[in-house]
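Okay, structure first, notes after.
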Amino acid sequence: MSRISGASVLAAQWFLISIAAGLIMARVYLRLRIMRQRLTPGDFTLCLAWLATVATSSVDIFFFKLGVLNPDVTVGFEGVQLGKGDIEMTSKLSWIANITFLPAAYLCKASILLFYFQITSRVFRLPWVAVWFVTVFVVIAFLVSMGVSLFICLPLERQWTIGPNMCSFDAIVTSYFVVWAFHFVSDVLIFIVPFLIIRGLQMRRLQRFGIYFTFGLGLVNLTATLARFFVNLANKFGGSLTQVELMVAIDINFCLIIACLPSLRPYLRLLQGRPLLSYPTPDGPSNIHSEQRTDKGNFRRLRNTRNGGETDNNFQVTGQEGNAATARRGKPNANAESHSTDREDVSVGDDSDIELTRL
């Protein structure tokens with residue numbers, strides 16, 4: 001990799017952070033103003049992940065001011081003339097950046113896993129078990145990584161002080177390997193899960209390719225994580241600081257962007273002039289007309305939850321020719337009987353207000 005200046009690293013970092021911020025704001029606006037929904041846990045985790053990312057990247061601003069963020073300085077801060085106080089301050093900032101990186105990365109993973117839970121069902125046992133397995137692994141990975149980062153050297157001051165009591169190089173390397181291994185393996189597992197989920201979902205081919213492409217961006221994330229590892233390993237943890245910081249920025253910000261993209265698909269429907277789809281969320285249905293394929297046959301289900309969710313308990317069934325038969329509280333009229341061969345028996349409760357349309 002060519003020499004990368006500190007200014008280029010900062011520009012790339014904050015450019016990616018700005019993109020992630022724009023996507024998060026678009027997601028929140030869509031949720032609150034367009035779809036009339038409350039914010040979900042996934043929205044909150046993304047916002048917290050973005051704040052942690054900002055905290056991690058802000059450390060590089062201090063590095064730049066101290067003259068540390070340049071291609072001639074190594075990860076161990078060799079190649080720059082600093083006083084003992086500045087070296088300890090730089091080491092402390094580096095330790096803080098490592099600590100804030102973990103919440104940023106794992107909150108992104110949590111947001112993606114919440115999305116997986118939203119689109120999976122217990123009916124599809126393998127994807128459901130896979131999502132739960134990955135979730136448990138991610139929780140364990142975060143706890144172990146945070147524990148190792150905090151307690152590998154006690155008291156904490158040993159991790160940034162200079163002198164005979166400073167944390168040993170072997171302890172720092174061990175901490176790095178443990179944290180990196182859990183981070184990379186959890187990313188790989190999260191990358192694999194969508195291919196198990198999508199196989200059991202009914203969706204158009206274009207939608208399927210769109211989801212594959214979105215999570216295929218995870219390859220960029222995995223590549224950056226691997227590149228960072230091999231750069232450190234090849235240089236015996238003495239590689240250029242700017243190279244490593246750039247790869248960290250790509251890793252964490254691409255994870256944010258990937259976590260945001262799936263929830264922004266309704267914007268494409270708005271641009272195409274199509275009605276918005278409302279998917280089930282932990283907070284219930286949205287306050288708009290929603291479209292959803294039923295479990296039976298080739299009908300699609302339209303739910304009207306306007307006016308605070310109050311309904312008038314009507315439903316409509318439309319045949320292939322477009323002739324509609326309406327019924328109140330599940331009692332079809334004469335026209336409905338004439339089209340009984342064009343529809344399937346779909347149970348509708350008294351509290352429902354749906355429209356069933358043959359696709």
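Heads up: the sequence shown begins at 1 in full-length UniProt numbering, then just goes up one per residue. Even for Gly, the Cβ is constructed at its ideal location relative to N, Cα and C.
Subject >> Buried or exposed (CB count within 10 angstroms, at least 16 for buried), Asp72 >> reply: That one is exposed.
Original post:
Any heavy atom of the ligand MG within a distance shorter than 7 Å of the CB on Thr223?
Top reply: By its list of ligands, the structure shown contains no ligand whatsoever, and the ligand MG lies outside what it can speak to.
Subject >> Cβ contact (3+ pairs, closer than 8 Å) linking the stretch 128 to 135 and the stretch 181 to 196 >> reply: Flag = yes, the stretch 128 to 135 and the stretch 181 to 196 touch.
Subject >> Secondary structure, alpha helix (DSSP H): runs of 4+ residues fully inside the stretch 72 to 127 >> reply: Counting only runs of at least 4 residues, the stretch 72 to 127 fully encloses the following alpha helix (DSSP H) elements, listed from N- to C-terminal order: 84 to 119.
Original post:
Could you give the residue range of the alpha helix (DSSP H) that holds Pro41?
Top reply: For Pro41, the enclosing alpha helix (DSSP H) covers residues 41 to 66.
Original post:
Can you pull the DSSP bridge partners for Ser240?
Top reply: Thr74, per the DSSP bridge assignment.
**OP:** Let me know if Tyr212 comes out buried or exposed under the rule of 16 or more other beta-carbons within 10 Å of its beta-carbon.
**Re:** Taking all protein chains in view, the Cβ of Tyr212 is surrounded by fewer than 16 other Cβ atoms within 10 Å, so the residue is classified as exposed.
Original post:
Leu264: buried (16+ other C-beta within 10 angstroms of its C-beta) or exposed?
Top reply: By the C-beta density criterion, Leu264 is exposed, having fewer than 16 other C-beta atoms within 10 angstroms.
Subject >> Residue interval of the alpha helix (DSSP H) (run including Leu222) >> reply: That run of the alpha helix (DSSP H) goes 218 to 234.
**OP:** Check whether the stretch 107 to 117 touches the stretch 145 to 164, taking contact to mean three or more Cβ pairs, one atom from each stretch, closer than 8 Å.
**Re:** The stretch 107 to 117, when compared against the stretch 145 to 164, does not touch it at the 8 Å Cβ threshold.
Original post:
Cβ of Thr174 within 8 Å of Cβ of Phe101?
Top reply: Contact flag unset, no.
Original post:
Between Ala20 and Leu233, is the Cβ-Cβ spacing less than 8 Å?
Top reply: Not in contact: Ala20 and Leu233 (Cβ atoms no closer than 8 Å).
**OP:** Using three-state DSSP, classify Leu154 as helix, strand or coil.
**Re:** When DSSP states are grouped into helix, strand and coil, Leu154 belongs to the coil group.
Original post:
How many angstroms separate the CA atom of Phe44 from the CA atom of Ile99?
Top reply: Going by the C-alpha atoms only, they are around 20 Å apart.
Subject >> Proximity winner among Ile252, Arg269, Leu268, Ile258, relative to Gln13 (alpha-carbon distances) >> reply: Among Ile252, Arg269, Leu268, Ile258, the Cα nearest to that of Gln13 is on Ile252.
Original post:
Counting pairs of Cβ atoms below 8 Å between the stretch 158 to 168 and the stretch 74 to 92, do you hit three or more?
Top reply: As far as the Cβ criterion goes, the stretch 158 to 168 touches the stretch 74 to 92, which means the pair count is three or higher.
Original post:
Alpha carbon to alpha carbon, how far is Gly6 from Asn165?
Top reply: Straight-line measurement puts the Cα of Asn165 at about 31 Å from the Cα of Gly6.
Original post:
Which of the three DSSP states, helix, strand or coil, is assigned to Ser145?
Top reply: In the structure shown, Ser145 sits in a helix (DSSP, three-state: H, G or I).
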